[in-house]
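Below is one structure, written out as structure tokens; comments come after it.
Residue numbers (our numbering), protein chains in the order written: chain W, 532 to 824; chain L, -6 to 340.
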């Protein structure tokens, strides 16, 4: 009987293991192999070249730019998301007429395919047809023929990419933070109110510290999703203008797939690994800590 | 120190439904320990929360120290509250929990530590200041909650079932401690409980609530000995007051006043009853019986017989019982309010 159970258990695990090995394990190993080889899209052989790819990648200004942009992109987007999600979660905590509808609308950017959303934004930020600029002109905030080129100027392009990605990630963090907020017993903010604390003191000294573990979870997931994502960059700017918005994943894709140099692309993407390992370690620590408490 | 007063205070949660609290008019006395007593759903906690400012009244006013505070947020009411769950801030040490109200009210820094130490010493938790709430026992948490409440010397104390999370043994000693504590600080206190023993033991006066309506306000002696209606009569006392049907009135008497006829001196009302059950509780016996007089049928009675009376009583036996006349209370059958005494005809 016990023997039978063990076989059954193993048999039921196999599909999941195969799935993970096939879709995550194999590409990961391939990436490591390619990064120390000389493969290109058309090549058939494989020669070990040591760290040559890494050396050439590190020498490229475009790569160094992408590395810096990745951090700006991730930190910028996550800052906006965490602050915004906090505000939204507070606004949605107490019931009001139409809260269900607001919650649904708020979730849409997350539910809709990101490529569609990004294409929408591409039009909204277009240099000629931008509704954003149209609105700014009508509000007399900018002059009609001097409207900002959202995707055409390096700094504005970076800002646009960050804002669109933050728009997309906001619902996800809001839902997590809302769960954390509702998990705080009602007594505790009430006790703070009786103790004489106003909104700000209650929020920063009681609510936020109590939500720390859940905010950490939202943040870590957000970092993973942002650091490894290239959809928004790919659709809005293709890394431009002048590589000013390339992030590591998009640069790896352009170099490895579109540029045909698989080895170089693999070397670029391997740079993601240490950072992701660090984030994963932090996630596990947070998860463990919350279990203990 | 202050007097708390409510005027026509009403809370209706859902329009068209019965209110949780209905037209409550109360006033504490200076430094009084007032207890709100009632079963669950009687509105006692809602009433307390309206006084604290955590619940907005549908109608009526709350006055603290003669000032209308109905529209003021909790922090402007100079109150302190101890919650049923204690509501300690879990991420802060005991010291930081207790100092929180002082910081929130911008007490100068140099005064904070002495005040916290004074409060902690008063409650005997001076050793625990560096601990986190989760490292404390139930009794210790309760003391921390009390310390946090007194540290800013509020004019009114509100306590919402603060003993209900303690085990029975601890509860008895905590009760006594709370009473002593109130005597020492002398702050007007409102205490919510569903436990009649707590109410009787601690209250200067008890407010008995049912379905959001005040049934009676009085000293423990008054509400026990002279209940205003049948609800108060049966809610207080365990086992509850016997209520015997007698024409247009209900006759009430406490189980401890119903004794074997031979033990009763002076003017008394006699009746005979068949004993249907005897519970031996050590300090007393509880007798369950049914009246044997034809006119009023086989109505149930409960009697408590202190163990100093050695009378032999067995199940199935028909025994003569009696109630001293001064212990009889009369209630209108209609509505249950107190009624005029009258001549009884049972025997």
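Cβ coordinates follow ideal geometry from the N, Cα and C atoms, glycine included.
Classification of residue i by the beta-carbon crowding that lies within 10 angstroms, buried from 16 upward
i                      : result
residue 324 of chain L : buried
residue 780 of chain W : buried
residue 550 of chain W : exposed
residue 796 of chain W : buried
residue 90 of chain L  : buried
residue 209 of chain L : buried
residue 705 of chain W : buried
residue 770 of chain W : buried
residue 181 of chain L : buried
residue 109 of chain L : buried
residue 618 of chain W : exposed
residue 154 of chain L : buried
residue 700 of chain W : buried
residue 183 of chain L : buried
residue 538 of chain W : exposed
residue 74 of chain L  : buried
residue 707 of chain W : buried
residue 823 of chain W : Any reading at residue 823 of chain W must be qualified, since the residue scores a pLDDT of 47, below 50, and its modelled position is unreliable; the value itself is stated next. Per the 10 Å Cβ criterion, exposed.
residue 543 of chain W : exposed
residue 601 of chain W : buried
residue 659 of chain W : exposed
residue 255 of chain L : exposed
residue 151 of chain L : buried
residue 811 of chain W : exposed
residue 213 of chain L : buried
Close Cβ partners of residue i (< 7 Å) along its chain, the five nearest in sequence each way excluded
i                      : result
residue 67 of chain L  : 45, 46, 47
residue 668 of chain W : 675, 678
residue 762 of chain W : 645, 646, 649
residue 768 of chain W : 682, 688, 692, 776
residue 572 of chain W : 791, 793
residue 798 of chain W : 566, 584, 585, 588
residue 88 of chain L  : 109, 122, 123
residue 563 of chain W : 801
residue 98 of chain L  : 145
residue 578 of chain W : 568, 569
residue 9 of chain L   : none
residue 186 of chain L : 28, 30, 154, 192
Residues near residue i by beta carbon distance below 8 Å, same chain, minus five either side
i                      : result
residue 308 of chain L : 268, 269, 270, 271
residue 322 of chain L : 219, 220, 226, 234, 244, 245, 246, 331
residue 283 of chain L : 266, 267, 269, 291, 292, 293, 294
residue 83 of chain L  : 125, 126, 127
residue 306 of chain L : 253, 268, 271, 278, 280, 298, 312
residue 419 of chain L : Because chain L in this structure spans residues -6 to 340, residue 419 of chain L falls outside the shown range and cannot be described.
Own chain residues within Cβ distance below 6 Å of residue i, not counting five before or after
i                      : result
residue 611 of chain W : 697
residue 85 of chain L  : none
residue 711 of chain W : 742, 745
residue 723 of chain W : 733, 737
Chain L contacts made by the stretch 720 to 744 of chain W, where a contact means CB separation under 8 Å
Taking 8 Å as the Cβ-Cβ cut-off against chain L, the residues of the stretch 720 to 744 of chain W that qualify are 721, 722, 723, 724, 725, 726, 727, 728, 729, 732, 736, 737, 740, 741, 743.
Against chain W: residues of the stretch 115 to 148 of chain L by CB proximity under 8 Å
Here the close residues are 127, 141, 145.
What beta strand (DSSP E) runs, 3 residues minimum, are completely inside the stretch 725 to 788 of chain W?
none
Can you confirm whether the stretch 15 to 32 of chain L touches the stretch 192 to 202 of chain L when touching is taken to mean that 3 or more C-beta pairs between the two stretches lie within less than 8 Å?
yes
Can you pull out the residues from the stretch 21 to 53 of chain L whose beta carbon lies closer than 9 Å to at least one beta carbon of chain W?
42, 45, 46, 47
Could you tell me which uninterrupted alpha helix (DSSP H) segments, each at least 4 residues in length, are contained entirely in the stretch 76 to 124 of chain L, listed from first to last along the chain?
87 to 97, 102 to 115
Kindly confirm or deny that the stretch 108 to 128 of chain L and the stretch 688 to 708 of chain W touch, where touching means at least three C-beta pairs closer than 8 Å.
no
Short of 7 Å Cβ to Cβ, which residues in the stretch 87 to 106 of chain L face chain W?
93, 94, 97, 98
Count Cβ pairs between the stretch 711 to 725 of chain W and the stretch 68 to 82 of chain L that sit closer than 8 Å; are there 3 or more?
Judged by pairs of C-beta atoms under 8 Å, the stretch 711 to 725 of chain W touches the stretch 68 to 82 of chain L, as three or more such pairs exist.
Below 8 Å, how does it come out for the stretch 584 to 595 of chain W and the stretch 798 to 806 of chain W: are there three or more Cβ pairs, yes or no?
yes
Would the stretch 139 to 150 of chain L and the stretch 91 to 106 of chain L be scored as touching if the rule is three or more Cβ pairs under 8 Å?
By the Cβ test, the stretch 139 to 150 of chain L is in contact with the stretch 91 to 106 of chain L, since at least three Cβ pairs between them sit closer than 8 Å.
If you scan the stretch 612 to 674 of chain W from start to end, which runs of the alpha helix (DSSP H) of 4 or more residues do you find wholly inside it?
630 to 642, 645 to 655, 662 to 669
Continuous alpha helix (DSSP H) assignments of at least 4 residues falling wholly in the stretch 165 to 238 of chain L:
189 to 195, 213 to 218, 223 to 228
If you measure beta-carbon to beta-carbon, which residues of the stretch 158 to 183 of chain L are closer than 8 Å to chain W?
Among the residues of the stretch 158 to 183 of chain L, none has a Cβ less than 8 Å away from any Cβ of chain W.
Check distances from the C-beta atoms of the stretch 642 to 670 of chain W to those of chain L and list, in chain order, the residues that come in under 9 Å.
none
Every unbroken alpha helix (DSSP H) inside the stretch -2 to 59 of chain L [4 residues or more]:
Fully enclosed alpha helix (DSSP H) runs of 4 or longer: 37 to 45.
Near-chain L residues of the stretch 703 to 722 of chain W (beta-carbon distance less than 7 Å), N- to C-terminal order:
716, 718, 719, 721, 722
Ignoring anything shorter than 4 residues or poking outside the stretch 786 to 816 of chain W, list the alpha helix (DSSP H) runs there in chain order.
793 to 801
Counting Cβ pairs, one atom from each stretch, are 3 or more of them under 8 Å apart for the stretch -1 to 14 of chain L and the stretch 154 to 170 of chain L?
Contact between the stretch -1 to 14 of chain L and the stretch 154 to 170 of chain L is absent: fewer than three C-beta pairs spanning the two stretches fall below 8 Å.
Taking a Cβ distance cut-off of 9 Å, strictly less, list which residues of the stretch 62 to 73 of chain L are near chain W, in chain order.
66, 67, 68, 69, 70, 72, 73
Would you list, in sequence order, the uninterrupted beta strand (DSSP E) runs of no fewer than 3 residues that lie entirely inside the stretch 275 to 334 of chain L?
DSSP runs (the beta strand (DSSP E)) wholly in the stretch 275 to 334 of chain L: 277 to 284, 293 to 299, 311 to 317, 322 to 325.
The stretch 222 to 234 of chain L: which residues have C-beta closer than 9 Å to a C-beta of chain W, in chain order?
none
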